[in-house]
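Everything below concerns the one structure shown next.
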Amino acid sequence: MSRKELVFLPLGGSGEIGMNMNLYGVGSPANRQWIMIDCGVMFGDLTTPGVDLICPDPTYILEEKEALHGLLLTHGHEDHIGAVALLAPKLGCPIYATPFTAALVERKLAEYGGANVELNIIDMNARFTLGPFDIEYVTLTHSIPEPSGVILRTELGTVLHTGDWKIDKSPSLGPLIDSSTIKKLGDDGLLAMVCDSTNVLSSGESGSESAVRESLTKLIAKQEGRVAVTTFASNVSRVVSICEAAAAADRSVCLLGRSMLRIVDAAEEVGLLPKGLRFVEPADAGHLPRQHVLYLCTGSQGEPRAALSRIARNDHRDLILSDGDTVIFSSKIIPGNDREIYNLQNDLVELGVKVITEKDEFVHVSGHPCREELRSMYEWARPEIAIPVHGEARHLEEHAEFALELGAQKSFAPRNGDLIRIAPDGPERIDEVPEGRIYLDGDVLLPDGAMPMRERRKLSYAGLLAVSLVFDKQCALVDDVSVSGIGVVDEEEGEEPADLADDIEDAVLGLPKTKRRDDEAVMLAVKRAARAYYDDVWGKRPVIVTHIHRTG
């Protein structure tokens with residue numbers, strides 16, 4: 009009879025920053041009982057044209073979903089909850105979240121047609137049982153309200169899954185980190201800690217939101233024209249700090265951007281916002297004196313459809329910025345967004361706007377633990393086994409080594425798809441399961457490698473060439489070959505590539521009549537002629553689409 013095991017399986021977020029999805033299982037290999045922690049997304053980029061969201065592929069757990077007892081959400085960031093509305097109906101298990109996180113999930117479910125899922129709203133520090141797991145939420149601090157770690161007690165040992173966290177000694181919104189509960193875990197004997205690795209390469213501490221609030225208050229008071237501040241909408245404590253700084257400078261606050269409105273609405277619904285906090289409508293803000301208004305905008309990462317990008321393009325219906333105005337980026341650059349952000353900042357400067365970033369003033373702190381905070385966490389929890397997650401390969405490997413220095417007896421740096429036995433006799437990778445990505449393309453979920461994605465990547469590199477041929481009954485060409493291109497380059501930009509049409513006609517008419525009756529043979533001749541032409545004049549090969557028409 010196979011022995012029982014406690015296993016950990018990351019399907020997203022290990023080896024990358026984003027789209028977190030983690031599974032824990034208890035039982036023999038033939039009869040494991042599972043829970044899932046978090047179900048997030050990452051955003052599309054230039055390598056995924058047309059795709060807005062990317063999710064972990066849950067195929068492995070879908071095949072065992074009868075044994076999946078629940079989905080536990082640690083907090084409301086997109087890389088932890090963004091795929092819930094897309095995947096939860098397929099998972100078919102109940103969802104557990106604290107009030108603010110649940111409010112965000114409810115809005116996502118409504119956005120995707122009100123998916124019929126069981127969403128359980130739990131208290132901070134809730135404790136309940138799912139299958140073989142005794143589950144307890146523990147309060148942490150982070151850059152969003154209600155961040156929680158999850159304690160998993162099983163007959164094979166106890167695991168602390170931290171989710172995202174930091175140690176904020178003076179948070180501007182919400183309680184302090186519950187260090188006493190974490191210390192008791194250490195006292196009782198903690199088998200393993202699965203822990204955030206984002207800032208393991210950064211020394212010192214991440215800093216406090218209260219200190220940012222003080223700095224923003226002084227900075228905003230010194231500005232003379234209109235002020236626009238952009239930050240991560242989910243950082244409600246930062247939003248409140250900006251509003252308090254605006255009030256101290258006698259400025260009314262106007263919210264711009266869908267995600268800003270959605271987050272603030274959710275925070276107000278669950279009672280997180282200070283009483284008396286008020287906002288002015290965009291139509292009214294435009295009539296206020298320039299020195300008495302502050303705009304709180306989405307778009308800190310250069311998102312082209314966000315409010316700040318539209319403002320920088322002079323394409324926003326409610327706000328025009330110009331000489332004497334200031335934009336403050338109360339945020340950091342997420343790796344990969346550098347170019348978009350720099351372009352946005354340059355566009356603002358071209359309007360005559362003064363741009364202030366974290367490089368110029370103290371306007372941002374991270375929501376993830378630096379090395380001294382990790383040191384404190386390991387001193388409190390004292391895990392036997394350290395399993396770093398939420399990081400790229402270099403973060404995970406560094407964290408695994410650092411954990412050994414901090415007292416862990418063993419460590420293991422996983423990658424997505426690694427099935428890791430934690431107990432007994434762990435950590436050990438005992439299998440590699442299928443993992444991957446799925447893409448939200450419009451309203452359709454596509455697997456990695458799907459034809460539309462492959463073709464779109466080709467189009468983004470070398471464009472499209474469309475060739476049209478009309479044959480009569482004798483397989484002679486009725487008219488000249490028609491050639492048109494999108495995103496292709498010819499010797500004379502803007503002119504029809506006449507030489508190419510001639511080359512294609514010669515190639516087609518050079519085929520025997522029997523071959524001209526064969527559409528595949530004709531298309532191959534067209535492709536060879538077009539590729540030879542573009543190899544010569546351009547050095548690239550566009551995607552070639554051939555339309556064949558036959559008369560009579």
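Positions 9 to 560 (our numbering) are the ones given, in order, by the sequence shown. Just so it is clear, CB atoms sit at the ideal spot from N, CA and C, and this is done for glycine as well. Since the model is a prediction, treat every value here as computed from it, not as a measurement.
In this structure, the alpha-carbon of A291 lies about 6 Å from that of D326. Our two residues, G139 and L160, have alpha carbons roughly 11 Å apart in a direct line. Per the coordinates, the alpha-carbon of A474 lies some 9 Å from the alpha-carbon of V551.
In this chain, the alpha helix (DSSP H) harbouring T109 covers 107-119. A direct Cα-Cα distance of roughly 25 Å separates Y350 from R465.
When the alpha-carbon of I250 is set against those of I228, R270, G265, S242, the nearest one is in I228.
With contacts defined as CB atoms closer than 8 Å, S339 and H376 fail to qualify as a contacting pair.
Here the alpha carbons of D142 and M461 stand approximately 42 Å from one another. In the assembly as shown, I438 is an exposed residue. Its beta-carbon has fewer than 16 other beta-carbons within 10 Å. Secondary structure note for V92: its alpha helix (DSSP H) is the uninterrupted segment 92-99. If you draw a 10 Å sphere on the C-beta of L70, you find fewer than 16 other C-beta atoms in it, and that means exposed. Within the DSSP secondary-structure output, R445 pairs in a beta bridge with P64. Where I430 is concerned, the enclosing beta strand (DSSP E) starts and stops at 426-431. Burial of D333 is indicated by the presence of at least 16 other C-beta atoms within 10 angstroms of its C-beta. Across the structure, M132 and L99 are spaced so that their CA atoms are roughly 25 Å apart. If you ignore the 5 residues before and after E311, its C-beta comes within less than 8 Å of the C-beta of S317, E348, all in its own chain and listed in chain order.
Taken in chain order, the unbroken stretches of alpha helix (DSSP H) that lie wholly in the stretch 365-390 and span 4 residues or more are 379-389. Residue pairing by DSSP places K174 opposite T149 in a beta bridge. Contact check for M44 and M27: beta-carbon distance about 13 Å, past the 8 Å limit, so the pair fails to qualify. Residue nearest to L164 within the set G450, R429, E443, A533 is R429 (criterion: CA-CA distance). Between the alpha carbons of G197 and T147 lies a distance of about 19 Å.
Residues of the same chain with a CB within less than 8 Å of the CB of R536, apart from the 5 flanking positions on each side, are A515 in chain order. If you ignore the 5 residues before and after V59, its C-beta comes within less than 7 Å of the C-beta of G52, Y447, L448, D449, all in its own chain and listed in chain order. DSSP places I250 inside the alpha helix (DSSP H), whose first and last residues are 244-256. In this structure, Y120 places its C-beta atom within 8 Å of the C-beta atom of L94.
Taking 8 Å as the cut-off, the beta carbon of G171 is found closer than this to the beta carbon of G157. Across the structure, A408 and P396 are spaced so that their CA atoms are roughly 6 Å apart.
The shortest C-alpha to C-alpha distance from P432 to any of G23, S36, L453, V113 is the one to S36. Out of N243, E144, L359, the CA that lies nearest to the CA of S374 is found in N243. G194 and R40 have their alpha carbons spaced roughly 27 Å apart.
Short of 7 Å from the beta carbon of D176, and not among the five residues preceding or following it, lie these beta carbons of its own chain, in chain order: T149, S216, E217. Judged by beta-carbon spacing, A253 lies within the 8 Å limit of R221, meaning their Cβ atoms are closer than that value. Per the coordinates, the alpha-carbon of L453 lies some 27 Å from the alpha-carbon of G495. Ranked by Cα distance from D544, the first of A421, P18, D511, V301 is D511.
Annotation for F136: I143 place their beta carbon closer than 7 Å to its own, counting only its chain and skipping 5 residues before and after. Using a 10 angstroms sphere on the CB of Y303, the tally of other CB atoms reaches 16 or more, which defines it as buried.
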